[in-house]
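Peer 1:
Protein chains: 2
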Amino acid sequence: MTINRQILLARRPSGAVSRDDFRLVETRIPDLSDGQVLVRHLYLSLDPYMRGRMNAGESYAEPQALGEVMIGGTVGEIVASRSDRYRVGEQVVGMGGWQEYQIVDGERAGALRRVDGTQIPLSAYLGAVGMPGVTAWYGLLQLIAPQSGETIVVSAASGAVGSVVGQLARLRGCRVVGIAGGAQKCRAVVEEFGFDACIDHRLHGDTRSLAAAIAEACPDGVDGHFENVGGRILDALMQRCNPFARIAICGLIAGYDGQPIPIGEAQLILVRRLKLQGFIVSEHLEFWPQALHELGGLVATGRLRYRESIALGIESAPAAFIGLLHGQNFGKQLVRLSVQPTT
Amino acid sequence: MTINRQILLARRPSGAVSRDDFRLVETRIPDLSDGQVLVRHLYLSLDPYMRGRMNAGESYAEPQALGEVMIGGTVGEIVASRSDRYRVGEQVVGMGGWQEYQIVDGERAGALRRVDGTQIPLSAYLGAVGMPGVTAWYGLLQLIAPQSGETIVVSAASGAVGSVVGQLARLRGCRVVGIAGGAQKCRAVVEEFGFDACIDHRLHGDTRSLAAAIAEACPDGVDGHFENVGGRILDALMQRCNPFARIAICGLIAGYDGQPIPIGEAQLILVRRLKLQGFIVSEHLEFWPQALHELGGLVATGRLRYRESIALGIESAPAAFIGLLHGQNFGKQLVRLSVQPTT
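From first to last, the protein sequence lines are chains A and B. Residue 0 is where the first sequence starts when you use numbering that gives the first Met the number 0, and the numbers rise one by one after that. Residue 0 is where the second sequence starts when you use numbering that gives the first Met the number 0, and the numbers rise one by one after that.
What follows is the structure, given as structure tokens:
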């Protein structure tokens, strides 16, 4: 008999997320029915979007249900199959949630996607060659649409999305400037990911100081911006935008705890003829094959680099997730699931 | 000898515009040189964009020079010509400024545009069949791109731009809701311009109340918004936007006196996947012929209606302009210039 350890949403956060908002439970895995497969998870992805789902209020998706397994992307392997479509040993990406195992209907289209761990490390399918990578690809190429020679700025630049945005923009001939928190992250953004410059927002406590730092790093102004944070970072950035700059709004981590995030000077949208556009990558599935093809090729050939922060064991997921919301991770935040072999 | 009465920018406003910011002067009109024409202005257009030009600070165009004639669109007739291209008696639209006469180089491309006052009243070339009309056409059709059955909201709905936006959207099968200031304007927006509803923002002193009124007038939510005002109108509107709503930002009259205009909840851009885009119609000249063709046809056949507020005499322009900035006009604000016949 196999035990599945799962993390449930125990209650909705009031303000900042706490570990008491989650509950670890152990459940017995039932026998498979015809057509089902059992996936053992190797990695769980932790992503900022999960914070929005924890609220009861409106977001772009249904709230995470109370008392149910937290949603999340996973990569794993088939350990039992009563489906003609999957064989034991195959590796798959899915939305398995914060748990060690998941039973999946093998017939359900899109539930699982086979991947190949020989060219690309399996964990990358949750990062640079997964949802975060496609998010970067779509926002940069479809919304910002950078031209060679333009200057592109990315906030949360050392993160799973931001690091890919910058590298893709560099490959297209742009000057790329990151914004990140802390000297260590900023150094890696330049040295590992090849950005032209990176601004440590912790050194700039107010909008004016941050705007001056952006001006220094972007002597020709800003033509495109990929926003993962919001708040004063977006305010400072808008002050440095060139006419016709495009701002893709991917995340507003500054407001995940429910407080309103203002934009200080909306008149800049008019004066600079800016375009601001919010997007959710899961609504643009038609671009995923093209994006994953490019991203996979770049990772396999070493031209797209990424970092991972890996927590160990499903029980570590809540603390790792809270750390992610506070910027304590570096690169893609994963949980490696170490479970007993199935019996 | 003909005297030209001109209004100059005497000083830059500090805060609200005052009549002392302008100065009326009388100058003698010099003799024409070869190639020049003398245009006698019949109407001067007063538009909100002029407020931005009066500031020294950055806008999308060069500031209005101190001590020079205020810029402005005009319609007039050729009263003397030393150009082969124009005959006395022809009617022309130009950027003649706040003055009774202007000498124009007849060879300069785009300086003057011949118009025909037999099908369309001459003043309409400064409104529904001029810059304001093209502004409405471009922002609505190129940026909002409404689909039949969608709900479109327009602020400053009784104005020269807003009234055209709403009528064009109605012609394309949309539900159209205006926002205007005062019962009289709101009544005209519905009864004269055919909007489905109009909200009097003066009855709603806070964002929440205004948002409730928008919800009532837009039972299916808001799919597109044409913003001429900013401030709490935009905040309330964003709360009622449907996913993928498009917001064209044409003017932010709420901030013309230099104060920052915040957007209260930027997270709505992400949560609703909104697109906000600022634009200046003079940067999209390629669309003008198509827009003017449609607008002219609609006015000539009575399917596009407009209102005008007409002040008399160049000396009335400063007070009329200040009234425009305070919403005291109704429809297109013009100055009718009554001058002595040329000698």
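Even for Gly, the Cβ is constructed at its ideal location relative to N, Cα and C.
Pick helix, strand or coil for A:Tyr137, following the three-state DSSP scheme.
Peer 2: helix
Peer 1: What are the residues in the region 231–245 of chain A lying within 8 Å of chain B by C-beta distance?
Peer 2: Leu233 and Pro242
Peer 1: Do you know offhand how far B:Gly66's Cα is from B:Arg11's?
Peer 2: 10 Å
Peer 1: Between A:Thr342 and A:Ser17, what straight-line distance do the alpha-carbon atoms span, to the nearest angstrom?
Peer 2: The pLDDT assigned to A:Thr342 is 42, lower than 50, so where the model puts this residue is not dependable, and the model offers no usable value.
Peer 1: Would you mind working out which of B:Gly223, B:Ala196, B:Ser315 and B:Asp20 sits nearest B:Met53, comparing C-alpha positions?
Peer 2: Closest by alpha carbon: B:Asp20.
Peer 1: Report all residues from its chain with a CB closer than 8 Å to the CB of A:Thr206; omit the five preceding and five following residues, and keep chain order.
Peer 2: Arg231, Asp234, Ala235, Gln238 and Gly263
Peer 1: Which two residues bound the contiguous alpha helix (DSSP H) that contains B:Asp115?
Peer 2: Neither: B:Asp115 is in no alpha helix (DSSP H) and is coded neither H nor E.
Peer 1: Quick one: what does DSSP say B:Ala15 is sitting in, helix, strand or coil?
Peer 2: coil
Peer 1: By the 10 Å Cβ neighbour count, where 16 or more other Cβ atoms means buried, how is A:Glu25 classified, buried or exposed?
Peer 2: exposed
Peer 1: Mapping the DSSP letters down to three states, classify B:Gln146 as helix, strand or coil.
Peer 2: Here B:Gln146 sits in coil by DSSP.
Peer 1: Just tell me which of B:Ile102, B:Leu23 and B:Gln289 has its CA closest to the CA of B:Leu31.
Peer 2: B:Ile102
Peer 1: List the residues of chain B whose Cβ lies closer than 8 Å to the Cβ of A:Glu264, in chain order.
Peer 2: Under the 8 Å cutoff, chain B gives Pro259, Ile260 and Pro261.
Peer 1: For B:Gly132, which three-state DSSP category applies?
Peer 2: helix
Peer 1: Which whole runs of the beta strand (DSSP E) in the region 62–125 of chain A are 3 residues long or more, in chain order?
Peer 2: 73–80, 90–93, 100–104 and 111–113
Peer 1: Using the Cα positions of A:Gly14 and A:Gly250, report the straight-line distance between them to the nearest angstrom.
Peer 2: 18 Å
Peer 1: At 3 residues or longer, what runs of the beta strand (DSSP E) sit wholly inside the region 25–63 of chain A?
Peer 2: Contiguous beta strand (DSSP E) elements confined to the region 25–63 of chain A occur at 35–44, taking only those with 3 or more residues.
Peer 1: Runs of 3 residues minimum, wholly inside the region 151–210 of chain A: which ones carry the beta strand (DSSP E) assignment?
Peer 2: 174–179 and 196–199
Peer 1: Residues in the same chain with beta-carbon distance under 6 Å from A:Ile321, minus the five sequence neighbours each way, listed in chain order, please.
Peer 2: Val16
Peer 1: Any contact of the region 123–132 of chain A with the region 198–205 of chain A, i.e. 3+ C-beta pairs under 8 Å?
Peer 2: no
Peer 1: Does any residue of chain A bring its CB to less than 9 Å from the CB of B:Val91?
Peer 2: no
Peer 1: In the DSSP output, what is B:Arg245 paired with across the bridge?
Peer 2: B:Gly223 and B:Lys274
Peer 1: Using a cut-off of 7 Å between C-beta atoms, extract the partners of B:Ile248 located in chain A.
Peer 2: Annotation: Cβ neighbours of B:Ile248 in chain A (cutoff 7 Å, chain order): Ile268 and Leu269.
Peer 1: Indicate the three-state DSSP secondary structure (helix, strand or coil) for B:Arg22 in the structure shown.
Peer 2: Note: B:Arg22 maps to strand in three-state DSSP.
Peer 1: To the nearest whole angstrom, what separates the beta carbons of A:Ala179 and A:Ala156, a pair I think is in contact under 8 Å?
Peer 2: 5 Å
Peer 1: Mind pulling the chain B residues with CB within less than 9 Å of A:Leu139?
Peer 2: Within chain B, no residue comes near A:Leu139; the closest Cβ sits about 16 Å away, beyond 9 Å.
Peer 1: Whole angstroms are fine: how far does the CA of A:Phe192 sit from the CA of A:Leu294?
Peer 2: 15 Å
Peer 1: Determine the chain A residues that contact B:Leu251 at a beta-carbon separation under 7 Å, and present them in chain order.
Peer 2: Ala265, Gln266 and Leu269
Peer 1: Specify, as a first and last residue, the run of the beta strand (DSSP E) that A:Ile2 falls within.
Peer 2: Ile2 to Leu8
Peer 1: Output, in chain order, the set of chain B residues within a Cβ distance shorter than 8 Å of A:Gly223.
Peer 2: Those do not exist, as A:Gly223 stays about 14 Å from chain B at its closest Cβ, beyond 8 Å.
Peer 1: Report the residue from B:Leu8, B:Ala9, B:Ile28 and B:Leu23 whose alpha carbon sits nearest the alpha carbon of B:Ile2.
Peer 2: B:Ile28
Peer 1: Check each residue of the region 154–167 of chain B: if its Cβ is closer than 7 Å to any Cβ of chain A, include it; give the result in chain order.
Peer 2: Flagged: no residues at all.
Peer 1: Taking 9 Å as the cut-off, decide whether the C-beta atoms of B:Leu140 and B:Gln332 are in contact.
Peer 2: no
Peer 1: List, in order along the chain, the chain A residues whose C-beta lies closer than 9 Å to that of B:Gly229?
Peer 2: Residues of chain A passing the Cβ test: Ala265, Gln266 and Leu269.
Peer 1: Out of B:Arg271, B:Asp104 and B:Arg171, which has the shortest C-alpha to C-alpha gap to B:Arg81?
Peer 2: B:Asp104
Peer 1: Rounded to a whole number of angstroms, what is the C-alpha to C-alpha distance between B:Ala319 and B:Arg22?
Peer 2: 14 Å
Peer 1: Give me the subset of the region 273–304 of chain B whose CB atoms are less than 9 Å from a CB atom of chain A, sorted by chain position.
Peer 2: Leu273, Lys274, Leu275, Gln276, Gly277, Phe278, Ile279 and Glu282
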